[in-house]
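In our numbering, the protein residues as written are 1327 to 1943.
Even for Gly, the Cβ is constructed at its ideal location relative to N, Cα and C.
All remarks here apply to the structure that follows.
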Amino acid sequence: MKKFFLIALSTVLIGNINGQLLTENFSYTAGQAITANGWTAHSAGGTNAITVTSPGLTYTGHPGSGVGNAVTMTTSGEDDNRTFTSTNSGSVYFSFLVNLSAAQTAGDYFIGLFQNSSIFPVRIYAKSNGAGGFTFGVGKGSSTAVYESSARSFGTTYFIVAKYTFNTVNTTDDVVDLWVDPALGGVETPATIANVTGTSTDATSITAVYLRQGAATNAPTQQVDAILAGTTWAVVTPGAATPALSLTALPAFGNVCINTSAGPNSFTITGSNLTTADVTVAALAGYTYSTTAGGTYTTTLNITQPGGTLNQQVFVRFDPLAVQSYNGNIAVAGGGVTIPVNAAASGAGVNTIPSLTTGTATAITQVSATLAGTITANGCTPVTAYGIEYSTVSGFPNGSGTQVASTNIAGGNYTSGVTGLASGTTYYYKAYATNGGGTGYGTEQSFTTATPNPTISTTPLPAFGNICINTTAGPNSFTISGANLTTADVTVGPLAGFTYSTTAGGTYTTSLTLTQPGGTYLQEIFVRFSPTVVQSYSGDIAVGGGGVAASVIVPASGAGVNTAASVTTGSASAITQTSATAAGSITAIGCSAVTAYGIEYSTTNNFPLGSGTQVAS
């Protein structure tokens, strides 16, 4: 309680600081003399010294109620004063709480406003009413006191306000007013005892509040507490401080996977001037609360507290069940606060898909490759499938390609082998992984399958055989078949004795340079054989180019000949002793025209050709 009212009062003083002269709640150690705590004895110092007693007085709605301690005053003792800034114009107000235990019939003053040790501009009295109670009175200086008509009860705490007003017409026209239990926190009301004057000379200034312990035959005994002095009514009649709650910010939870719990994060409730009503933390869907980090979490909280001040940390867990925003306000109320304060809660339920990085392509062949992926985050639920998705379309939509599952993940890394690819083709691929929230994809990468080596093959070239020199045989032909060729020219030949053309009736040259677009190529080659000497012309026709590393050989077979005429020897007839007729026939002329023919004879059997006697015909 003490801590609460100190806070509340400091709030009031700040709000009225321009009119404040003194606040005294006797927040000192019980048993100490008040002269050890800012008060000065101005009469009978050390005799029945005024000391601090505990507890302090309480008065409903007064912000000084129960703050610090009080003083208990007796009779025939020390008088003390507590100074403040001297005031000599306008009005000086002061108020206090008092609880009397006894009063005398004659009555006497026990508290007031002080100019110096012999001038007391305001004197507040109490006297017995002879009927078991007492009345309050007030006087200006040494003038006769004026008492109220109402009877007051011993043992009851009263709130007293007095006012001294400086007037300037003459030296005795200043006025004193007294209020008993005026309303707190309001405007100045008509006084209980109003417009008290007297013949006593007016004060020239007011410099302090004093406490007086008069003679036992006249003076009352009482406790005094919560003294206030100031230059306005509001300063000395502060209303009860309004209960207030404030909250620190609750850190945002951000995106949290559904069906999991995040936190706890926390906020702190700070309360002041609270009643003893529970402080409540209202429900907000998705959030639960506890007053300890490891405690039991519930959808609402009722925090029991003694009133006054409160400093309570509230721990908050976020438990999203659906994919949605859970932003909202957690309402905190109670403790006498009329309007709840809100702790802004921010969080969203998500069911995130896996996050991936698409790796590199390795082991690339004409028809296959090994493609890598990495799962960098599983998302909100376990991964149930993963692999590589590929396509021949750049920028292909997720899910539209061919998926190749993998099962070899280790440390988030995996590979998928893709086969059945087309050679020399660019493929685009992405790593993928699937969980309960869907399928995530890495960024698109690409690779190109290997291109096959260029190849050329040919059909055989039919043999030309023996061909008379200086003649031309053919054309015979062979066919070139190319695959995976580059765009380099295809070349044919040369080979001595042979010429080539791409058409049977075309122009024949000793070699060919054939332009082609690359890739697949098919071309028939026509070949003529033109021997000029008697010899063999058999050899290899080289076919190359188109990116082929080594030329392909087409065997060519032919010989140059210059053959003699072929003849058949006929029978002899008209045989005599000295003559005969021998017959012959030319069966083949040979490579050139016959220039002479006849019969050659000899008396030698099987005579060598050309060694007999020739008889022309």
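- [ ] Check the C-beta distance from residue 1380 over to residue 1356 and give it rounded, since I have them as a contact under 8 Å.
- [x] 4 Å
Task: Length-filtered (3 minimum) beta strand (DSSP E) runs lying within the region 1644 to 1732 - done: The region 1644 to 1732 contains these whole beta strand (DSSP E) runs: 1654 to 1660, 1663 to 1671, 1673 to 1676, 1681 to 1688, 1695 to 1703, 1711 to 1717, 1728 to 1731.
TODO: Would you please state the rounded distance, in angstroms, between the beta carbons of residue 1867 and residue 1920? I believe it to be under 8 Å.
DONE: Going by Cβ atoms, the distance from residue 1867 to residue 1920 rounds to 36 Å, so no, they are not a contact pair.
TODO: Reducing DSSP to helix, strand and coil, say where residue 1901 ends up.
DONE: coil
Task: Cβ separation of residue 1676 and residue 1642, assumed to be a contact under 8 Å, to the nearest whole Å - done: Their Cβ separation, rounded to whole angstroms, is 18 Å, which puts residue 1676 and residue 1642 out of contact at 8 Å.
Task: Spatial neighbours of residue 1523 in its chain, beta-carbon cut-off 8 Å, leaving aside the 5 residues before and after - done: 1466, 1469, 1498, 1499, 1500, 1501, 1502
Open item on the list: By the three-class DSSP mapping on this structure, what secondary structure does residue 1424 have?
Closed with: strand
Open item on the list: Give me the DSSP bridge partner(s) of residue 1492.
Closed with: DSSP output for residue 1492 lists no bridge partner at all.
Open item on the list: Helix, strand or coil, according to DSSP, for residue 2012 in the structure here?
Closed with: Because residue 2012 is not part of the residues shown, which for the chain are 1327 to 1943, the question remains open.
- [ ] Spell out the partners DSSP gives residue 1740 in its beta bridges.
- [x] According to DSSP, residue pairing for residue 1740 in a beta bridge involves 1699.
Open item on the list: Going by beta-carbon coordinates alone, are residue 1548 and residue 1400 separated by less than 7 Å?
Closed with: no
Task: Min CB distance residue 1757 to chain B below 7 Å - done: The chain labelled as chain B is not found in the depicted structure, where only one protein chain is given.
Open item on the list: For a quick check, are the C-beta atoms of residue 1794 and residue 1887 less than 7 Å apart?
Closed with: yes
Open item on the list: Which of the three DSSP states is assigned to residue 1559 in this structure?
Closed with: helix
Open item on the list: On the criterion of 16 or more Cβ atoms from any shown chain inside 10 Å, does residue 1772 qualify as buried, or is it exposed?
Closed with: exposed
Open item on the list: Rounded to the nearest angstrom, what separates residue 1335 and residue 1353 at their Cα positions?
Closed with: Confidence at residue 1335 is low in this model, with a pLDDT of 34, below 50, so its placement is unreliable and the value that follows should be read with caution. Distance between the alpha carbons of residue 1335 and residue 1353: 13 Å.
Task: Given residue 1803 as reference, the closest of 1511, 1786, 1792 once Cα atoms are compared - done: Out of 1511, 1786, 1792, 1786 has the C-alpha closest to the C-alpha of residue 1803.
Open item on the list: Mapping the DSSP letters down to three states, classify residue 1361 as helix, strand or coil.
Closed with: helix
Open item on the list: Considering only their Cβ atoms, is the gap separating residue 1780 from residue 1870 smaller than 7 Å?
Closed with: no
TODO: Mark residue 1627 as exposed unless 16 or more other C-beta atoms lie within 10 angstroms of its C-beta, in which case mark it buried.
DONE: buried
- [ ] Compute the distance between the beta-carbons of residue 1596 and residue 1572, then report whether it is under 7 Å.
- [x] yes
Open item on the list: In this structure, how does DSSP classify residue 1863 when only helix, strand and coil are distinguished?
Closed with: Reduced to three states, the DSSP call for residue 1863 is coil.
TODO: Please determine, among 1777, 1833, 1735, 1800, the residue with the shortest C-alpha to C-alpha distance to residue 1811.
DONE: 1777
- [ ] Decide if residue 1923 is buried, meaning its Cβ has at least 16 other Cβ atoms within 10 Å, or exposed.
- [x] exposed
Task: Residues near residue 1507 in its chain [Cβ-Cβ closer than 7 Å; skip 5 each side] - done: 1484, 1485
Open item on the list: Counting beta carbon pairs with one atom in the region 1380 to 1396 and one in the region 1435 to 1454, are three or more of them shorter than 8 Å?
Closed with: With a cut-off of 8 Å, the region 1380 to 1396 and the region 1435 to 1454 do not count as touching, because too few Cβ pairs lie within range.
Task: Three-pair Cβ contact test at 8 Å for the region 1662 to 1676 versus the region 1722 to 1741 - done: no
- [ ] Please state whether DSSP places residue 1583 in a helix, a strand or coil.
- [x] Here residue 1583 sits in strand by DSSP.
Task: Spatial distance of residue 1396 from residue 1445 (CA atoms) - done: 25 Å
TODO: Kindly identify the DSSP beta-bridge partner or partners of residue 1919.
DONE: Per DSSP, none; premise fails for residue 1919.
Open item on the list: Let me confirm a value: residue 1526 is counted as buried when at least 16 other C-beta atoms fall within 10 Å, else exposed. Which label applies?
Closed with: buried
- [ ] Determine the closest residue to residue 1661 out of 1645, 1647, 1639, 1631, with distance taken between C-alpha atoms.
- [x] 1631
TODO: Taking 7 Å as the cut-off, decide whether the C-beta atoms of residue 1907 and residue 1914 are in contact.
DONE: no
- [ ] Examine the Cβ distances between the region 1734 to 1745 and the region 1651 to 1661 and report whether three or more of them are shorter than 8 Å.
- [x] no
Open item on the list: Quick check on the DSSP output: the beta strand (DSSP E) that includes residue 1385 runs from which residue to which?
Closed with: For residue 1385, there is no enclosing beta strand (DSSP E), as DSSP marks it with neither H nor E.
TODO: On a CA-only basis, which of 1520, 1635, 1855 is nearest residue 1569? Give me that one, please.
DONE: 1635
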